[in-house]
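Protein chains in written order, with the UniProt record's numbering: chain A, 1 to 120; chain B, 1 to 216; chain C, 1 to 396.
Glycine included, each C-beta is placed from N, C-alpha and C at the ideal position.
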Amino acid sequence: MRIPGALYAARGRAPQNEKEVPFQEILPLRLKNTVSGKADSGSDVACLQEMGVLFACLKDNEFVEKYCNKEINQFQKCYKFYMDRKFEAKKTVNQGIVQPGNNLNYKQLNKYMRRFPNPQ
Amino acid sequence: MGFVPYTTLSSLRTLKCCRLMSMYPPHFAEPILKKDSEIINKKDVSHVPIKAAPNDLSDSIFYGVLKNKLLKYITKKGNGSLAKQLLTDTLETIKRTQIERLNLINAEKENVIIDTERILVNAIENSRPLLQLSEIKRGGVKYQVPIPLTEKKSYFLAMKWLLDAAREKDRKVHLPDKLAWEILDAAHGQGRVIKKKDDLHRQCESNRAYAHYRWS
Amino acid sequence: MSLRVLGLNLIKTNRNLLQTAVKNNGAPNAHAVAMAPYATQVTVQATPAAVQKQKVSKAMKAYLERANEHDEFMKTQHLEFQIGKRHLANMMGADAETFTQQDIDEAINYLFPSGLFDKRARPSMRSPEEVFPARKAAEFDETGRPFHSMFYTGKPNYFQLLHDIVTETNKLNDLEERMLRRGNKPDENQKLEMAGSQLLRKEQLERVLVEHIADIEYQNFTSAMERLIISPYAYKSKAFIERFLKPLIDQSKQLEVPKPKIDEQGRQYVTTYECLRKTARADVTVRLPGTGKITINGQDISYFSLEECREQLLFPLSYSKMLGKVDVEANVEGGGPSGQAGAIRWGIAMSLRSFVDQEMIETMRLAGLLTRDYRRRERKKFGQEGARRKYTWKKR
Numbered sequence: 001m002r003i004p005g006a007l008y009a010a011r012g013r014a015p016q017n018e019k020e021v022p023f024q025e026i027l028p029l030r031l032k033n034t035v036s037g038k039a040d041s042g043s044d045v046a047c048l049q050e051m052g053v054l055f056a057c058l059k060d061n062e063f064v065e066k067y068c069n070k071e072i073n074q075f076q077k078c079y080k081f082y083m084d085r086k087f088e089a090k091k092t093v094n095q096g097i098v099q100p101g102n103n104l105n106y107k108q109l110n111k112y113m114r115r116f117p118n119p120q
Numbered sequence: 001m002g003f004v005p006y007t008t009l010s011s012l013r014t015l016k017c018c019r020l021m022s023m024y025p026p027h028f029a030e031p032i033l034k035k036d037s038e039i040i041n042k043k044d045v046s047h048v049p050i051k052a053a054p055n056d057l058s059d060s061i062f063y064g065v066l067k068n069k070l071l072k073y074i075t076k077k078g079n080g081s082l083a084k085q086l087l088t089d090t091l092e093t094i095k096r097t098q099i100e101r102l103n104l105i106n107a108e109k110e111n112v113i114i115d116t117e118r119i120l121v122n123a124i125e126n127s128r129p130l131l132q133l134s135e136i137k138r139g140g141v142k143y144q145v146p147i148p149l150t151e152k153k154s155y156f157l158a159m160k161w162l163l164d165a166a167r168e169k170d171r172k173v174h175l176p177d178k179l180a181w182e183i184l185d186a187a188h189g190q191g192r193v194i195k196k197k198d199d200l201h202r203q204c205e206s207n208r209a210y211a212h213y214r215w216s
Numbered sequence: 001m002s003l004r005v006l007g008l009n010l011i012k013t014n015r016n017l018l019q020t021a022v023k024n025n026g027a028p029n030a031h032a033v034a035m036a037p038y039a040t041q042v043t044v045q046a047t048p049a050a051v052q053k054q055k056v057s058k059a060m061k062a063y064l065e066r067a068n069e070h071d072e073f074m075k076t077q078h079l080e081f082q083i084g085k086r087h088l089a090n091m092m093g094a095d096a097e098t099f100t101q102q103d104i105d106e107a108i109n110y111l112f113p114s115g116l117f118d119k120r121a122r123p124s125m126r127s128p129e130e131v132f133p134a135r136k137a138a139e140f141d142e143t144g145r146p147f148h149s150m151f152y153t154g155k156p157n158y159f160q161l162l163h164d165i166v167t168e169t170n171k172l173n174d175l176e177e178r179m180l181r182r183g184n185k186p187d188e189n190q191k192l193e194m195a196g197s198q199l200l201r202k203e204q205l206e207r208v209l210v211e212h213i214a215d216i217e218y219q220n221f222t223s224a225m226e227r228l229i230i231s232p233y234a235y236k237s238k239a240f241i242e243r244f245l246k247p248l249i250d251q252s253k254q255l256e257v258p259k260p261k262i263d264e265q266g267r268q269y270v271t272t273y274e275c276l277r278k279t280a281r282a283d284v285t286v287r288l289p290g291t292g293k294i295t296i297n298g299q300d301i302s303y304f305s306l307e308e309c310r311e312q313l314l315f316p317l318s319y320s321k322m323l324g325k326v327d328v329e330a331n332v333e334g335g336g337p338s339g340q341a342g343a344i345r346w347g348i349a350m351s352l353r354s355f356v357d358q359e360m361i362e363t364m365r366l367a368g369l370l371t372r373d374y375r376r377r378e379r380k381k382f383g384q385e386g387a388r389r390k391y392t393w394k395k396r
């Protein structure tokens, strides 16, 4: 006689017997002491918003720059700030020199975790 | 474990550089002319060795940093003295034209700039682009992506465009004349160079949708 | 030097220890041989611990051999140096006892003139301690047990130094905290003045440590030292810090300003010989009460047809506001116009120092007028189009 599948579904699936299927720890149930640098290499995109504002202003004023001095200044300041930060980072952060703060680069994180590893 | 914040004491560090191409060791500083010397702290520089002044540096009233840079862009095959001659001729032509204009105009004589250096600076400032288009390949399609320019690069482009426009014109006219026209045009906010810059800005604007494609 | 002396002392004490050990070993043996042929065995069994201590390890033996050899070598070198010094003194007609290193250098320069470009390739005579680098003393005792707990790092001195720096820093940090609790402030007058000094360079540090260190290790040293130095109480461990500092020369007082002489017309004058730039060579005379007359090889400033070169000549004069107050005479040879102008410019600037005040000299130095321009034409390289430019790459 055919038993309708709905009957099993209502009861729910019986749990596996732990004796029959013993748990295997294939990967250690512990976080690694390193992080990969993939996500960090991130975007080079900077000052998108300023660029948008600048474009809007330029379009409104028929691309005459003298009416958009404020926007232009803001845009250039933003880019300069970004480039300076990048240059500074090249000197310190990317070498993994640890600075106080919560915004850490992957190299800095790795250095930290090497100092304070997960308990074995 | 005590944690000490890291600060760089640049004066103390003797970092090893990658490969030094210069004859001077890395701790040598660039020469400082008198005008800037009021800003710097004398105590800091008293121990710093200074590079020898290059042979295009001088304290004469005809010396200008921007002018020096333009001279180097005009130079072809190392003939610097010819370039200097050309630039002097250019500035002379500009001066002549401006004085002529001054004499023709009856009213508002203050609006005509006779100072050639100021005209040159105005022309270059006016023709400086803000953005640049760079080609980026994504999924087999090439996109023109607007990218911000550094200050140095924008000055370079402005001077290059001015020179290119001058060199492109009728071959029977000498370069100083053509360059003088271009510079005067640019200083007044018109002419081919300004148009080129505006075109570039227009293109950047039409490609603004791709701006976030920039990476690497 | 002190380290070297210390090392030698260490070697000596070690060797003494060893010799006494051998003697101790040998003496009872002689007695034992007289009494019984296998006495040595008996003693070994009787006092195993003591004898095991006296056993000399292979490493120690090899080291001792090497050290002896080196000592002998240094001794002969020293002897030869003394004899050479005496000979030189005799040749120069001087007293051998008071013959200093400077005298030696002068004598060698006089007796063996050399046209070799590189100064290191020219003949020289220096004390063997300078010529042969210092060696490390024994780092382990006779049984092969290392003295230093960090012996197996391979660079015990370096790591010991790092430890020392950190202990010093921690001490200062504790002090700062105690002072803060008490409400005291660091003494501003005693603050360490770092502008005139610099940390030892890598090579110098290596010489101090008698160990080779990697770039990253040097970087660790510098950052540790910086952490120590920025502490507000750094002056408390001044003696420690100064061991690793090198004073910088005050650039403005580096060169002695010549005293002007008086010529037959009663005018002051200074002559600078050997003004070099590129391949040009000049000598420049500047006379003080003058009218601004410039003479180059008997001609006036029109000797240079290029405007830039004339501008270069006038640069130091106008910069020090001496234009029209001095006369300049120059003789130039070799090189092209810009090189000659550069040579004369340097000569004028150097001579002008005698006629202006100290502050003006400093501003001239900052403008780069007093620096000798050592840049030369870079040679063309084979396989390249020029000095730097490569040939256009062509696949085939």
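Amino acids of chain B, ordered along the chain, whose beta-carbon sits closer than 7 Å to that of residue i
i         : result
A/Tyr-79  : Pro-148
C/Asp-250 : Ser-46 and His-47
C/Asp-141 : Here the premise fails: no neighbours, minimum Cβ distance about 35 Å.
Closer than 9 Å to chain C by CB, residue i
i         : result
B/Ala-211 : no
B/Glu-176 : In the sequence as presented, Glu is not what sits at residue 176 of chain B; that position holds Pro. Taking Cβ atoms only, chain C never reaches closer than 9 Å to B/Pro-176, which makes this a no.
B/Asn-79  : no
B/Lys-69  : no
B/Asp-59  : yes
B/Pro-26  : no
B/Met-23  : yes
Interface flag, residue i vs chain B, CB-CB below 9 Å
i         : result
C/Gln-41  : With a pLDDT of only 31 at C/Gln-41, under the threshold of 50, the placement of this residue in the model should not be trusted, and no figure is reported.
C/Tyr-158 : no
A/Gly-52  : yes
A/Leu-58  : yes
C/Gly-368 : yes
A/Met-113 : no
C/Thr-371 : yes
C/Leu-175 : no
C/Ser-351 : no
A/Gln-74  : no
Neighbour list for residue i in chain B, Cβ cutoff strictly below 8 Å
i        : result
A/Leu-48 : Ala-211 and His-212
A/Met-83 : Thr-150
Residue i - partner residues in DSSP beta bridges
i         : result
B/Arg-138 : B/Val-141
B/Leu-131 : B/Pro-148
C/Lys-381 : Note: C/Lys-381 sits in no beta bridge, so no partner.
C/Ser-197 : C/Pro-247
Contact belief for residue i with residue j at Cβ below 8 Å, rounded distance in angstroms
i         : j         : result
B/Leu-163 : B/Tyr-63  : The pair is not a contact, with the Cβ atoms about 21 Å apart (cut-off 8 Å).
C/Leu-248 : C/Gln-198 : 6 Å
C/Asp-327 : C/Gly-266 : Incorrect: roughly 14 Å between the Cβ atoms, too far for contact.
B/Leu-120 : B/Lys-67  : 7 Å
B/Ile-136 : B/Ile-114 : No, B/Ile-136 and B/Ile-114 are not in contact; Cβ-Cβ is about 46 Å, not under 8 Å.
C/Ile-104 : C/Lys-85  : 6 Å
Neighbouring residues, chain A, relative to residue i (Cβ below 8 Å)
i         : result
B/Arg-208 : Met-51, Gly-52 and Phe-55
B/Leu-20  : The premise fails here: B/Leu-20 is roughly 18 Å from chain A at the closest Cβ pair, so nothing lies under 8 Å.
8 Å Cβ cut-off: residues of chain C touching residue i
i        : result
B/Asp-56 : Glu-308
Any C-beta of chain A under 9 Å from that of residue i
i         : result
B/Asp-185 : no
B/Arg-192 : no
Listed by chain order, chain B residues near residue i by CB distance under 9 Å
i         : result
C/Gly-383 : Within chain B, no residue comes near C/Gly-383; the closest Cβ sits about 18 Å away, beyond 9 Å.
Within chain A, partners of residue i - CB distance below 7 Å
i         : result
B/Asn-205 : According to the sequence as given, residue 205 of chain B is Glu; it is not Asn. Ordered by position in chain A, the residues that pass the 7 Å Cβ test against B/Glu-205 are Phe-55, Leu-58 and Lys-59.
Residue i Cβ short of 8 Å to the ligand ZN heavy atom set
i         : result
B/Lys-197 : Questions concerning the ligand ZN fall outside what the structure shown contains, since it holds no ligand whatsoever.
Inset, instruction - Check whether the stretch 377-388 of chain C touches the stretch 302-322 of chain C, taking contact to mean three or more Cβ pairs, one atom from each stretch, closer than 8 Å. - result: Between the stretch 377-388 of chain C and the stretch 302-322 of chain C there are fewer than three inter-stretch CB-CB distances shorter than 8 Å, so the stretches are not counted as touching.
Inset, instruction - Examine the Cβ distances between the stretch 315-333 of chain C and the stretch 276-286 of chain C and report whether three or more of them are shorter than 8 Å. - result: By the Cβ test, the stretch 315-333 of chain C is in contact with the stretch 276-286 of chain C, since at least three Cβ pairs between them sit closer than 8 Å.
Legend entry - Touch test, the stretch 46-57 of chain A against the stretch 66-85 of chain A, Cβ-Cβ under 8 Å, three pairs minimum: Verdict: yes, contact present.
Inset, instruction - Tell me, please, whether the stretch 85-94 of chain A touches the stretch 13-22 of chain A by the rule of three or more beta-carbon pairs shorter than 8 Å. - result: Not touching, per the Cβ criterion.
Inset, instruction - State whether the stretch 91-107 of chain A contacts the stretch 155-170 of chain B, with contact taken as three or more CB pairs (one from each stretch) at a distance under 8 Å. - result: Flag = no, the stretch 91-107 of chain A and the stretch 155-170 of chain B do not touch.
Inset, instruction - Would you be able to state if there are at least three C-beta pairs under 8 Å between the stretch 103-123 of chain B and the stretch 175-187 of chain B? - result: Contact between the stretch 175-187 of chain B and the stretch 103-123 of chain B is present: three or more C-beta pairs spanning the two stretches fall below 8 Å.
Legend entry - Cβ contact check for the stretch 319-326 of chain C and the stretch 224-235 of chain C: 3 or more pairs under 8 Å: The stretch 319-326 of chain C vs the stretch 224-235 of chain C: no contact.
Inset, instruction - Mind the definition here: the stretch 203-210 of chain B touches the stretch 139-153 of chain B only if three or more C-beta pairs lie below 8 Å; say whether that holds. - result: Touching, yes.
Legend entry - Inter-stretch contact (C-beta, 8 Å, three-pair minimum) for the stretch 48-62 of chain B and the stretch 28-35 of chain B: Flag = yes, the stretch 48-62 of chain B and the stretch 28-35 of chain B touch.
Inset, instruction - Check whether the stretch 229-248 of chain C touches the stretch 180-192 of chain C, counting contact only when three or more Cβ pairs, one atom from each stretch, lie closer than 8 Å. - result: The count of Cβ pairs closer than 8 Å, one atom from the stretch 229-248 of chain C and one from the stretch 180-192 of chain C, reaches three, so the stretches are in contact.
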